[in-house]
Amino acid sequence: MSHVLETPYKRVFYISLQAVVNALVIGFVAKGLVLLINLFTNLFFYGKFTIADSSPADNHLGLWVIAIPIVGSLIVGVLARYGSKAIRGHGIPEAMENIILNESKIPPRITWLKPLSAAISIGSGGPFGAEGPIIATGGAIGSLTGQIIHISSAERKVILAAGACAGMSAIFGSPLAAILLAIELLLFEFSPRSIIPVTLSCITGAGMHFWLFEKAPVFEMPAIPVASNSALVAYVVMGVLTGVLAAGVSKSVYWVEDMFEKLPVHWMWWPAFGAVAVGVVGYFAPHTMGVGYDNIRNLLTGQLPLVLLFSLCLLKYLSWVIALGSGTSGGTLAPLFTIGGAWGALLGVLASHLFPGIGINIATAALIGMAALFAGSSRALLTAIVFALETTGQPNGLLPLIAACSTAYFVSFFLMKGSIMTEKIRRRGIEAPIHYTPDLLQSSFVNAVMNTKPVFVNEYSGQEQLRQFLDRNSSYYLQYLPVTDAAGVFKGYADLTKGVISPAGHNYFVRPTDTLQEVVKLLQVSKLDVLAVLDENKHIAGTVTAANVITIYEKKIKNENRYHSAFYGDRQLLRVMAKSKRFFAMK
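Take the sequence shown: its position 336, counted from the start at 1, is 336 in the UniProt record's numbering, and no numbers get skipped.
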């Protein structure tokens, strides 16, 4: 293989080092965001300038509480209008959108606008968690550093995903769930060059959580019993019902967005309209406002009264879906956990009432409802299961979680085309990858496709000999030809469009045992349309072109019946495919 391309091992080391440094910064940003939310909560609801932990649920503002979310949303609308429109939205979908549509480039100002706007939105009563904004902020920091150090878009994608998931790990102390989130929703690949930086970043983020926040599980709960067989069957049924709910919740978010799109006012004002619902609901149910992590902890005790369960399930949903659909700065994870936890607890109470001897544990039902709603809505199955385990420390919940989350995922898959994370980009005609395929280019080798009767010229040939060659090979459409010396040793390439021997690019070549992925990379870097295949003596054993790559690629796709793929080689292949169709007129 040519030595022109830097070895992948060095690149992985550099990217991993950068990901760890970013994660250290993101850990402090996560802590700062939580403190900023506390500050704005105290300012808006209690008139105090302090960063002490507080909840909007304890306010005594009466009807004035309705105005607080409206004021905060007006500020967010102004920040979005005159700062950056990119601060609007959920967090994870925006990161996915930038990866797929914008080469993982996020505007630098998002690194401070997103946490500021989110802190104002949540601090003024917005029914969101801190994790969505910090995921978006972590992704923005990763993207920013990736743009500063001038790495490729593929490497920038890894840095963005590593930063986003370091943010999640820093908030929840759940490194394994954060790694799986990257794999299931952001990376669209599983390879050493991506998983190593992301893993190190998430571990670092978790370390920052244990240092800056706490070492106990975020949603610590009483020990739950081992589920009986009958209870497992009940949890599977709950998963089915939760899958239906997940599809409905996901569709309702975008239905509300569509309704706001029809308003005859500028989108800057939409968050304020959505905040009216937040304020009204908050007046009757103050616990629906703000981050709500305490609600999740209370749900996982399995001891909340039915009225409160209904409130957290229905009223929290109404407040959140209207606020999120209005385009304010918020997230989806904590609200989904709260709504799902209340839903699961309600189903558990109902099942226990109808079938007293079935052995349903209400705390377990709340736990699987929380995870299953997230799994069904986001299509992040493994993330949901592992997140519930890491944040609660309940190993006995593993079987019920697998049962409920898998069935919820199964049902929602057939009820909706996209997910709550991908619907936004799907509406733009861009399908996010939903499955992983092996890199066909990496499993194919040069010796299987190369031209074994190569065409090349001698470096001592004169201009007349070159013209004679072109006359004899009028159908030859490539721009370059390999060049050898008198002993047959490879020397470079001749540019046929100039009509003269002008050897260049002597470092660009491949070996018979190299992969077609390396061929694609070299064709892209060198701007050549043919590569010499050299033996151990640097003699030309053959040539390989983009057309050869396309032929074997199409053959493998057909043989394996693959119609969609999402690996690194695809984007590069599209570029060389366009190049291979050029016809160079020889004169």
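Even for Gly, the Cβ is constructed at its ideal location relative to N, Cα and C.
Between which residues of its own chain and residue 594 is the CB-CB distance below 7 Å, once the five residues before and five after are set aside? Nothing about residue 594 can be reported from this structure: the residues present for the chain run from 1 to 587 only.
Pairwise C-alpha distance: Ile195 and Phe584: For the purposes of this step, residue 584 is taken as residue 584 along the sequence shown, with counting starting at 1. For the purposes of this step, residue 195 is taken as residue 195 along the sequence shown, with counting starting at 1. Note on Phe584: pLDDT 36, under 50, position unreliable in the model; no value is reported.
Within the stretch 127 to 156, note down every full alpha helix (DSSP H) run reaching 4 residues or more, in order along the chain. 131 to 148
Closest to Leu496 by CA distance: which of Leu200, Gln479 and Asp485 is it? For the purposes of this step, residue 496 is identified with residue 496 of the sequence shown, where counting begins at 1. It is Gln479.
For Gly542, which three-state DSSP category applies? Locating residue 542 in the sequence shown gives position 542, counting from the first residue. Correct three-state label for Gly542: strand.
Just confirm the distance between the C-beta atoms of Ile358 and Gly302, as a whole number of angstroms; I'd bet it's less than 8 Å. The residue labelled residue 358 in the question sits at position 358 within the sequence shown. The residue labelled residue 302 in the question sits at position 302 within the sequence shown. Actually they are not in contact, since the Cβ atoms of Ile358 and Gly302 sit about 15 Å apart, beyond 8 Å.
Could you give the DSSP three-state label for Asn229: helix, strand or coil? If you number the sequence shown from 1, residue 229 lands on position 229. Here Asn229 sits in helix by DSSP.
Under 8 Å: do the stretch 52 to 64 and the stretch 281 to 290 share three or more Cβ pairs, one atom per stretch? yes
Where DSSP assigns a beta bridge to Val510, which residues make up the other side? Locating residue 510 in the sequence shown gives position 510, where the first residue counts as 1. Paired residues: Val533.
Which listed residue (Asp514, Ala487, Pro133 and Val233) has its alpha carbon closest to that of Ala334: Residue mapping note: residue 334 aligns to position 334 of the sequence shown, counting from 1. For Ala334, the nearest C-alpha among the options comes from Pro133.
Would you say the stretch 344 to 353 touches the stretch 215 to 224, given that touching needs at least three Cβ pairs under 8 Å? no
Report the three-state DSSP secondary structure of Gly83 (helix, strand or coil). Position 83 of the sequence shown, counted from the first residue, corresponds to residue 83. DSSP places Gly83 in coil when its eight states are reduced to three.
Decide if Tyr409 is buried, meaning its Cβ has at least 16 other Cβ atoms within 10 Å, or exposed. Here the question's residue 409 lines up with position 409 in the sequence shown. Buried, because 16 or more other Cβ atoms sit within 10 Å of the Cβ of Tyr409.
Distance, Pro197 Cα to Glu155 Cα: The count along the sequence shown starts at 1 and reaches residue 155 at position 155. The count along the sequence shown starts at 1 and reaches residue 197 at position 197. For Glu155 and Pro197, the distance between alpha carbons rounds to 10 Å.
Three-state class that DSSP yields for Val280 in the structure shown: To locate residue 280, count along the sequence shown from 1; it is residue 280. It is helical.
In the DSSP assignment, what residue or residues form a beta bridge with Ala494? For the purposes of this step, residue 494 is taken as residue 494 along the sequence shown, with counting starting at 1. The partner list for Ala494 (beta bridge, DSSP) reads Leu481.
Just to confirm, is the Cβ distance from Met168 to Ile141 under 8 Å? For the purposes of this step, residue 168 is taken as the residue at position 168 of the sequence shown. For the purposes of this step, residue 141 is taken as the residue at position 141 of the sequence shown. Not a contact, by the Cβ cut-off of 8 Å.
Alpha carbon of Ile149 to alpha carbon of Lys527, nearest angstrom: As a position in the sequence shown, residue 149 is number 149, starting the count at 1. As a position in the sequence shown, residue 527 is number 527, starting the count at 1. The alpha-carbon atoms of Ile149 and Lys527 are separated by roughly 23 Å.
Any contact of the stretch 221 to 230 with the stretch 34 to 51, i.e. 3+ C-beta pairs under 8 Å? no
Environment of Ala487 [buried if 16+ CB atoms lie within 10 Å]: For this step, residue 487 is matched to residue 487 along the sequence shown. Exposed, because fewer than 16 other Cβ atoms sit within 10 Å of the Cβ of Ala487.
Where Phe28 sits in the DSSP three-state scheme: Counted from its first residue, the sequence shown places residue 28 at position 28. Phe28 falls in the helix class under three-state DSSP.
Counterpart residues of Phe210 in DSSP-defined beta bridges: Against the sequence shown, residue 210 aligns to sequence position 210. Beta-bridge pairing links Phe210 to no other residue.
Minimum C-alpha distance to Val276 - residue among Pro127, Val489 and Leu300: Position 276 of the sequence shown, counting from 1, holds the residue named residue 276. It is Pro127 whose Cα lies nearest to the Cα of Val276.
Contact under 8 Å by Cβ, Ser250 with Met416: Translated into positions along the sequence shown, residue 250 becomes position 250. Translated into positions along the sequence shown, residue 416 becomes position 416. Their beta carbons are under 8 Å apart, which means Ser250 touches Met416 by this criterion.
Taking Cβ to Cβ, would you say Gln394 is nearer than 8 Å to Gln442? Position 394 of the sequence shown, counted from the start, is the residue given in the question as residue 394. Position 442 of the sequence shown, counted from the start, is the residue given in the question as residue 442. Contact: no.
What is the rounded straight-line gap between the Cα of Ala19 and the Cα of Thr199? Taking the sequence shown and counting its residues from 1, the one referred to as residue 19 is at position 19. Taking the sequence shown and counting its residues from 1, the one referred to as residue 199 is at position 199. Each residue's Cα considered, the two are about 9 Å apart.
Whole-angstrom C-beta distance between Gly341 and Gly376, which should lie under 8 Å: Within the sequence shown, numbered from 1, the residue matching residue 376 stands at position 376. Within the sequence shown, numbered from 1, the residue matching residue 341 stands at position 341. Not quite, the Cβ-Cβ distance comes to about 14 Å (not below 8 Å), so this is no contact.
With Thr328 as the anchor, note down where its alpha helix (DSSP H) starts and where it stops. Counting from 1 along the sequence shown, the entry for residue 328 is found at position 328. That residue, Thr328, is in no alpha helix (DSSP H); it is neither H nor E in DSSP.
Hey, how far is the Cα of Leu176 from the Cα of Arg193? As a working mapping, residue 176 is identified with position 176 in the sequence shown. As a working mapping, residue 193 is identified with position 193 in the sequence shown. Computed Cα separation, rounded: 18 Å.
Taking just the CA atoms, how far does Val237 sit from Leu39? Taking the sequence shown and counting its residues from 1, one reaches residue 39 at position 39. Taking the sequence shown and counting its residues from 1, one reaches residue 237 at position 237. Near 43 Å, if we compare the C-alpha coordinates of Val237 and Leu39.
Could you tell me which residues DSSP puts in a beta bridge with Thr515? For the purposes of this step, residue 515 is taken as residue 515 along the sequence shown, with counting starting at 1. For Thr515, which the question treats as bridged, DSSP gives the partners Phe445.
Buried/exposed call for Asn298, threshold 16 Cβ in 10 Å: Position 298 of the sequence shown holds residue 298. With 16 or more Cβ atoms within 10 Å of its Cβ, Asn298 is classed as buried.
Distance CB(Thr392)-CB(Met450) smaller than 8 Å: In the sequence shown, residue 392 corresponds to position 392, counting from 1. In the sequence shown, residue 450 corresponds to position 450, counting from 1. Cβ distance not < 8 Å, so Thr392 and Met450 don't count as in contact.
Give me, in chain order, the residues of the same chain whose beta-carbon lies closer than 7 Å to that of Ala541; leave out the 5 immediate sequence neighbours on both sides. Sequence index remark: in the sequence shown, residue 541 carries index 541 (1-based). For Ala541, where only same-chain residues beyond five positions count, the Cβ hits under 7 Å are Pro512, Val533, Leu534 and Asp535.
Can you check whether the CB of Leu180 is closer than 8 Å to the CB of Thr338? If you number the sequence shown from 1, residue 338 lands on position 338. If you number the sequence shown from 1, residue 180 lands on position 180. Their beta carbons are not under 8 Å apart, which means Thr338 does not touch Leu180 by this criterion.
For the alpha helix (DSSP H) containing Ser311, name the first residue and the last one. As a working note, residue 311 is residue 311 in the sequence shown. Per DSSP, Ser311 belongs to no alpha helix (DSSP H) and is neither H nor E.
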